[in-house]
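>
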Amino acid sequence: MEFDQFSPETAEHMLGSATAAGGLSGYLAFRHVELTAGRLVAEMDVRDDLLTPFGNLHGGCLTAFVDHCLGVVFYPVIPPKSWVATTEFKLNLIRPVSSGVCTAVADIVSLGRRSGVARIDISNNNKIVCAAQGTVTIVAPKG
905 MEFDQFSPET AEHMLGSATA AGGLSGYLAF RHVELTAGRL VAEMDVRDDL
955 LTPFGNLHGG CLTAFVDHCL GVVFYPVIPP KSWVATTEFK LNLIRPVSSG
1005 VCTAVADIVS LGRRSGVARI DISNNNKIVC AAQGTVTIVA PKG
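According to the working numbering, the residues represented by the sequence shown are 905 to 1047, in order.
Here's what the structure looks like:
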């Protein structure tokens, strides 16, 4: 997909800022591995304190990972000082995760002036564990 604009500076800044804002992304320790025009690759470790009593990663952790990636992938290709808000997303939890590293690949499918759509696939041990698609609203700066 072609983009009208791409800010390498924004992408570079976002690469090192996965946990800078704190909150849930900080607690879950998301890492941005690659951020290019229309694509984000991110990782999160599966930790014992995130497992259910049945020994599987809580689905809420993957849900938060999807939401995080859905937003971040858009920042380098939207106008400066704009921001995105998740409008909706749908995910399928395909198989349980109990250890290792989860890798998310987010790709922009559509980008307009006011909204965008991305697909996010999460894998663990080279197997897809979650498939998602979501929409964001692009909010222009005031003034």
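We put the CB at the ideal spot given by N, CA and C, even for glycine.
1. Nearest CA to the CA of residue 1044: which residue from 998, 1008, 984?
2. Anyone know if the C-beta pair for residue 1042 and residue 1018 falls short of 7 Å?
3. Quick check: the Cα distance between residue 940 and residue 953, rounded to an integer number of angstroms?
4. Hey, out of 1024, 936, 929, 931, whose CA is closest to residue 920's CA?
5. Does the Cβ-Cβ distance between residue 911 and residue 980 come in under 7 Å?
6. So, at 7 Å on beta carbons, what are the nonlocal neighbours of residue 971 in its own chain, with the 5 sequence-adjacent residues on each side left out?
7. What does a CB cutoff of less than 6 Å around residue 915 pick up in its chain, not counting 5 residues either side in sequence?
8. Between residue 951 and residue 1034, what straight-line distance do the alpha-carbon atoms span, to the nearest angstrom?
9. Mapping DSSP to helix, strand and coil, what is residue 993?
10. Report the rounded CA-to-CA distance for residue 959 versus residue 967, giving the unit in angstroms.
11. Whose CA, out of 978, 1022, 974, lies closest to the CA of residue 929?
12. For residue 948, count the other beta carbons within 10 Å of its own beta carbon; 16 or more makes it buried, fewer makes it exposed. Which is it?
13. Curious, which full-length beta strand (DSSP E) runs of at least 3 residues does the stretch 928-975 contain?
14. Could you tell me the distance, in whole angstroms, from the CA atom of residue 955 to the CA atom of residue 1002?
From the atom records:
1. Closest by C-alpha distance to residue 1044, out of 998, 1008, 984, is 984.
2. yes
3. 32 Å
4. Residue 936 holds the alpha-carbon nearest to the alpha-carbon of residue 920 among 1024, 936, 929, 931.
5. yes
6. 990, 993
7. 939, 980
8. 18 Å
9. strand
10. 18 Å
11. 974
12. buried
13. 935-940, 943-949
14. 7 Å
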